[in-house]
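Residue numbers (our numbering): 858 to 1197. Everything on this sheet refers to the single structure shown next.
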Ligand code: UD1
């Protein structure tokens, strides 16, 4: 069964391609390589023993998307990762984000709406909840006004899919709201490759660990949490990848109860920034150089998932601990730095 993975050379995309191939799916990747590299194909092949079909296509080119679906009229499902994801950049270049994340989604859905039957999985984010009023966060928690154009593209993206599903009989879709993805494949063949200075906590920690950054700044220790630092739900990327396969299977087997569904993907456990640092120190045996600085604008105090719906309805549960995920991130960081 042939599955299209857009952004399949990216961080979560590449791990999902591996899991799909392990389950026997034939994978076609579309990626424009704007934030990824064809080299990732080698890592995917080394792990799964299979090389996915790869087409370098920019999804903003509507004709190329149409042409792709004409040439691959046997695609049974689409997992759509391709998107821009830097929050700060989105504030500076909102139109870039609306074009990259929204226009491309519209073109894809137009193609799928022309088919009798199509199955669509969308990368969404816990960012849609903003600072939720209640922890853990359930899927019916209200969507809060977005803090950035990036966050807005996830909210608008969900709405576009929901409204399209309402009027398109053969279209079935699931939006997956990720909490904080982290880690790398245990083989260290694929992992996260942030360009420039990482904005996210875990790659900043591992880069500090290998000496690429001098010191981690911890953004605030005066939050109303157990140790004063912000709390997030860090989810291992391999667990996350497996959830995509399960969501796709749910659609392919027509087990979905509505033609548009939403699931939280997290561990259900909140960890503070200091706990994440301690996890790093625990698995690496190294002391991390860090200092407490002012809060970062736009940060929320805490966010962790209620995973009951994913556990019971999707039949998916995170299997790996924070330490295991951190160990994989550390192994990957050491491997890529030893090569460069
Ligand atoms: C960020 C984005 C969010 C996006 C998610 C993707 C912001 C405001 N939010 O979420 O929209 O969906 O990434 O993974 O950018 N921290 C430090 N020092 C650092 C980096 C981070 O103390 O150098 C802290 C942050 O204050 C936060 C935690 O670590 O409490 C996690 O930060 P980060 O990895 O950037 O993720 P989020 O802010 O949760």
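Built from N, CA and C at the ideal position, the CB exists for glycine as well. Bear in mind that the values here come from a model prediction, so they are computed numbers and not experimental data.
Q) Which residue spans inside the region 1095–1179 form an unbroken alpha helix (DSSP H) run of at least 4? A) 1130–1141
Q: Pick helix, strand or coil for residue 1070, following the three-state DSSP scheme.
A: Position 213 of the chain shown, counting from 1, holds the residue named residue 1070. Residue state, collapsed to three classes: coil.
Q.
So, for residue 1173: in the same chain, excluding its five sequence neighbours on each side, which residues have a beta-carbon less than 6 Å away from its beta-carbon?
A. Residue numbering aside, residue 1173 sits at position 316 when the chain shown is read from its first letter. Within the same chain, residue 1173 has close Cβ partners 1100, 1103, 1167.
Q: In angstroms with no decimal places, state the Cα-to-Cα distance between residue 1156 and residue 929.
A: Sequence index remark: in the chain shown, residue 1156 carries index 299 (1-based). Sequence index remark: in the chain shown, residue 929 carries index 72 (1-based). Near 42 Å, if we compare the C-alpha coordinates of residue 929 and residue 1156.
Q.
Quick check: does the Cβ of residue 1074 come within less than 7 Å of any heavy atom belonging to the ligand UD1?
A. Stepping through the chain shown from its first residue, residue 1074 is reached at position 217. Yes, Cβ of residue 1074 sits closer than 7 Å to a heavy atom of the ligand UD1.
Q.
Shorter than 7 Å, the distance from the beta carbon of residue 1130 to the closest heavy atom of the ligand UD1, or not?
A. Position 273 of the chain shown, counted from the start, is the residue given in the question as residue 1130. Correct: residue 1130 has its Cβ closer than 7 Å to the ligand UD1.
Q | DSSP-derived helix/strand/coil call for residue 969 | A | Locating residue 969 in the chain shown gives position 112, where the first residue counts as 1. Here residue 969 sits in helix by DSSP.
Q) Using a threshold of 7 Å, is the CB atom of residue 868 nearer than that to any non-hydrogen atom of the ligand UD1? A) As a position in the chain shown, residue 868 is number 11, starting the count at 1. Flag unset: Cβ of residue 868 not near the ligand UD1.
Q. In chain order, what residues of the same chain lie with their CB nearer than 7 Å to the CB of residue 907, ignoring the 5 residues before and after it?
A. For the purposes of this step, residue 907 is taken as residue 50 along the chain shown, with counting starting at 1. In the same chain as residue 907, and ignoring 5 residues on each side of it, the C-beta atoms closer than 7 Å to its own belong to 878, in chain order.
Q) By DSSP, does residue 905 sit in helix, in strand, or in coil? A) Numbered from its first residue, the chain shown carries residue 905 at position 48. The answer is helix: DSSP assigns residue 905 an H, G or I state.
Q.
Just verifying my parser: in three-state terms, what is the DSSP assignment at residue 910?
A. Here residue 910 refers to the residue found at position 53 when the chain shown is read from its first residue. Residue state, collapsed to three classes: strand.
(Q) Beta-carbon within less than 7 Å of residue 984's beta-carbon, same chain only, minus the 5 sequence neighbours each way: which residues are those? (A) Stepping through the chain shown from its first residue, residue 984 is reached at position 127. Same-chain partners within the cutoff: 1008, 1011.
Q | Check: residue 1206 C-beta below 7 Å from any heavy atom of the ligand UD1 | A | What the structure shows of the chain is the stretch from 858 to 1197, and residue 1206 is not part of that stretch, so it cannot be assessed.
Q: Helix, strand or coil for residue 1182, going by three-state DSSP, please let me know.
A: As a position in the chain shown, residue 1182 is number 325, starting the count at 1. Annotated three-state conformation of residue 1182 is helix, per DSSP.
(Q) Can you check which of these residues, 1170, 1163, 883, 860, is closest to residue 1035 by C-alpha distance? (A) Here residue 1035 refers to the residue found at position 178 of the chain shown. The shortest Cα separation from residue 1035 among 1170, 1163, 883, 860 belongs to 1163.
Q: Could you pull the start and end residues of the alpha helix (DSSP H) that residue 878 belongs to?
A: By one-based count along the chain shown, residue 878 stands at place 21. 868–879 is the extent of the alpha helix (DSSP H) around residue 878.
Q: Give the straight-line distance between the Cα atoms of residue 919 and residue 961, rounded to the nearest whole angstrom.
A: In the chain shown, the residue the question calls residue 919 occupies position 62. In the chain shown, the residue the question calls residue 961 occupies position 104. Put simply, the backbone Cα of residue 919 is about 8 Å away from that of residue 961.
**Q.** DSSP state of residue 963 mapped onto helix, strand, coil
**A.** Looking up residue 963 in the chain shown gives position 106. It is helical.
Q: Within the region 1043–1092, note down every full alpha helix (DSSP H) run reaching 4 residues or more, in order along the chain.
A: 1058–1066
Q. Among the residues of its own chain, which have a CB less than 6 Å from the CB of residue 882, if the five just before and after it don't count?
A. As a position in the chain shown, residue 882 is number 25, starting the count at 1. Same-chain partners within the cutoff: 858, 860.
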